[in-house]
Amino acid sequence: MLAYIFRRLLLIVPTLLGIMIINFIVIQAAPGGPIEKVIAQIQGFDVSATARVSGADQGEVMNSTSRSGSSQTGSSKYRGAQGLDPAIIVELERMYGFDKPAPERFLMMMSQYLRFDFGESFFRDQKVLDIVIDKMPVSISLGLWTTLLTYLISIPLGIAKAVRDGSKIDVWTSGGIVVGNAVPGFMFAILLIVLFAGGGYFDWFPLRGLTSRGWEDMEFFEKIIDYFWHLTLPVTSMLIGGFAGLTLLTKNSFLDEINKQYVITARAKGVKERRVLYGHVFRNAMLIVIAGFPSAFISILFTGSLLTEIIFSLDGLGLLGYDAAINRDYPVMFATLYFFTLLGLVMQLISDITYTLIDPRIDFESREV
57 MLAYIFRRLL LIVPTLLGIM IINFIVIQAA PGGPIEKVIA QIQGFDVSAT ARVSGADQGE
117 VMNSTSRSGS SQTGSSKYRG AQGLDPAIIV ELERMYGFDK PAPERFLMMM SQYLRFDFGE
177 SFFRDQKVLD IVIDKMPVSI SLGLWTTLLT YLISIPLGIA KAVRDGSKID VWTSGGIVVG
237 NAVPGFMFAI LLIVLFAGGG YFDWFPLRGL TSRGWEDMEF FEKIIDYFWH LTLPVTSMLI
297 GGFAGLTLLT KNSFLDEINK QYVITARAKG VKERRVLYGH VFRNAMLIVI AGFPSAFISI
357 LFTGSLLTEI IFSLDGLGLL GYDAAINRDY PVMFATLYFF TLLGLVMQLI SDITYTLIDP
417 RIDFESREV
């Protein structure tokens, strides 16, 4: 097992590098960029973000602008740059690192990322690592509790549906699962707000942030209650879609195992039903469920929570990544991509290790990675 883990750790390096290269090429080829955004701000067409132009750099750019005005014309590779002094473009390229060739910029970026030095945001005047750490509590809270509750609900429910396949309980719960699959999470979030957050009926839950004002001054148990009070509606809205798919997966996996010959043989030998179910079927059926855990956790942690964060005014990593893409904040975009790709690869390795804990018969040593 140790040899397999070592090989998988070595495989993480080229996989991570390949993902970063592909995304770097795609981002470079995409129209628009941080320099175009700053040019739009200089021209007065974009006020959606504040560029990180400060101190001597700000003075130099503004002095160049005032000297040139809008009198100079000429072709430029940047949209909207016509009429600006070329010296301004050169200065902006130097400030944002675009004065170097793309391969050199990529190598510099990756050498910094290996040291977990993600640089500074283009438009926030703050280190990227500090920004990510600041947003992390929201995303971890949503991802951790949603994933935990999804598995705690879906696995027992899926097992119960498989054991009682075709019964009234199976039929009625299947109706709820169909609704859960059909209704998008953000629509359910809006419904929860209307019903329970002052949207027209009850005003029981807050709509903003993870904690209330004065949280630091609360007692320990008051802090815990306040924390889960704020999380109730967001986690519930994200849970509704996740548990439906996982419940069906668990049920179908157990049904497939229950109908196999070894189960029939065990029952014929007089083995108790509970022992057959949890001693033989469980570890085989759970393998496919565990296989989806890393992708489910990463999806909820980073991408799945975007609309939930917007609706409930939660400033997490999903919203951070969306804002970075809209504003072309490359350091934040690539840093979050690097971090979550690395986390996903490590989670996949943990998933494989969990296989052996559930079913010791699985031997990764004999496999070639």
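At position 367 of the sequence shown (counting the first as 1) the number is 423 in the working numbering, and the numbers step up by one without a gap. Ideal Cβ placement from N, Cα and C applies to all residues, glycine included.
Neighbourhood of R384 by C-beta, 8 angstroms cutoff - its chain only, sequence neighbours within 5 removed: Against the sequence shown, residue 384 aligns to sequence position 328. Taken in chain order, the residues that qualify are G88, G89, P90, E92, K93 and F178.
L208 versus T306, G256 and K183, residue with shortest Cα-Cα distance: Translated into positions along the sequence shown, residue 208 becomes position 152. Considering only alpha carbons, the answer is T306.
Sheet register partners of E176 (DSSP bridge): Sequence index remark: in the sequence shown, residue 176 carries index 120 (1-based). According to DSSP, which records beta bridges pairwise, E176 is partnered with K183.
Cβ contact (3+ pairs, closer than 8 angstroms) linking the region 74-88 and the region 382-399: Verdict: yes, contact present.
Distance CB(L198)-CB(M294) smaller than 8 angstroms: Stepping through the sequence shown from its first residue, residue 198 is reached at position 142. Stepping through the sequence shown from its first residue, residue 294 is reached at position 238. Yes, these two residues count as a Cβ contact at 8 angstroms.
Reduced DSSP category for D259 - H, G, I as helix; E, B as strand; rest coil: To locate residue 259, count along the sequence shown from 1; it is residue 203. Strand.
Residue from I346, F395, I406 and S210 whose Cα sits closest to the Cα of I72: Position 16 of the sequence shown, counted from the start, is the residue given in the question as residue 72. First, the amino acid is wrong: residue 72 is Leu here, not Ile. The shortest C-alpha separation from L72 is found at F395.
Within 8 angstroms, strictly: CB atoms of W271 and D259: Sequence index remark: in the sequence shown, residue 271 carries index 215 (1-based). Sequence index remark: in the sequence shown, residue 259 carries index 203 (1-based). For W271 and D259, no; Cβs fall outside 8 angstroms.
Segment contact flag, the region 336-345 with the region 234-251, C-beta cutoff 8 angstroms, min 3 pairs: no
Counted within 10 angstroms of its Cβ, other Cβ atoms place M164 as buried (16 or more) or exposed: On the sequence shown, position 108 is the one that residue 164 refers to. That one is exposed.
A253 - partner residues in DSSP beta bridges: Counted from its first residue, the sequence shown places residue 253 at position 197. According to DSSP, A253 bridges with D259.
Reference V291; option with closest CA among R180, F368 and F154: Locating residue 291 in the sequence shown gives position 235, where the first residue counts as 1. Minimum Cα distance to V291 is reached at F368.
DSSP state of R264 mapped onto helix, strand, coil: Counting from 1 along the sequence shown, the entry for residue 264 is found at position 208. Correct three-state label for R264: coil.
Burial state of I320, where buried means 16 or more other Cβ atoms lie within 10 Å: Sequence index remark: in the sequence shown, residue 320 carries index 264 (1-based). Exposed: under 16 other Cβ atoms inside 10 Å.
Buried versus exposed call for V194 [16 or more other C-beta atoms within 10 Å across all chains shown]: Here residue 194 is taken as the residue at index 138 of the sequence shown, counted from 1. Classification of V194: buried, given that the 10 Å Cβ count is 16 or more.
Exposure label - L302; buried when at least 16 CB within 10 Å: The sequence position of residue 302 within the sequence shown is 246, counting from 1. The residue is buried, with at least 16 neighbouring Cβ atoms inside 10 Å.
Identity of the residue in W201, Y411, L401 and E313 nearest R64 by Cα: In the sequence shown, residue 64 corresponds to position 8, counting from 1. Nearest of W201, Y411, L401 and E313 to R64, Cα basis: L401.
Contact belief for W201 with L304 at Cβ below 8 angstroms, rounded distance in angstroms: For the purposes of this step, residue 201 is identified with residue 145 of the sequence shown, where counting begins at 1. For the purposes of this step, residue 304 is identified with residue 248 of the sequence shown, where counting begins at 1. W201 to L304, Cβ: 22 angstroms. No contact.
Exposed unless 16 or more other CB atoms sit within 10 angstroms - verdict on D141: Counting from one through the sequence shown, the residue named residue 141 turns up at place 85. D141 should be labelled buried.
Coil, strand or helix - A86 by DSSP: Along the sequence shown, one-based indexing puts residue 86 at 30. It is coil, neither helix nor strand.
Own chain partners of I344 with C-beta closer than 8 angstroms, once the 5 adjacent residues on each side are dropped: Numbered from 1 along the sequence shown, position 288 holds the residue referred to as residue 344. Excluding residues within five positions, the ones whose Cβ falls inside 8 angstroms are L305 and S309.
CA-to-CA distance, G232 to L376, given in whole angstroms: Position 320 of the sequence shown, counted from the first residue, corresponds to residue 376. Position 176 of the sequence shown, counted from the first residue, corresponds to residue 232. In a straight line, the C-alpha of L376 is about 33 angstroms away from that of G232.
Nearest neighbour of G153, chosen from P70, L170, E176 and Y169 [CA to CA]: Your numbering for residue 153 matches position 97 in the sequence shown. Answer by Cα proximity: E176.
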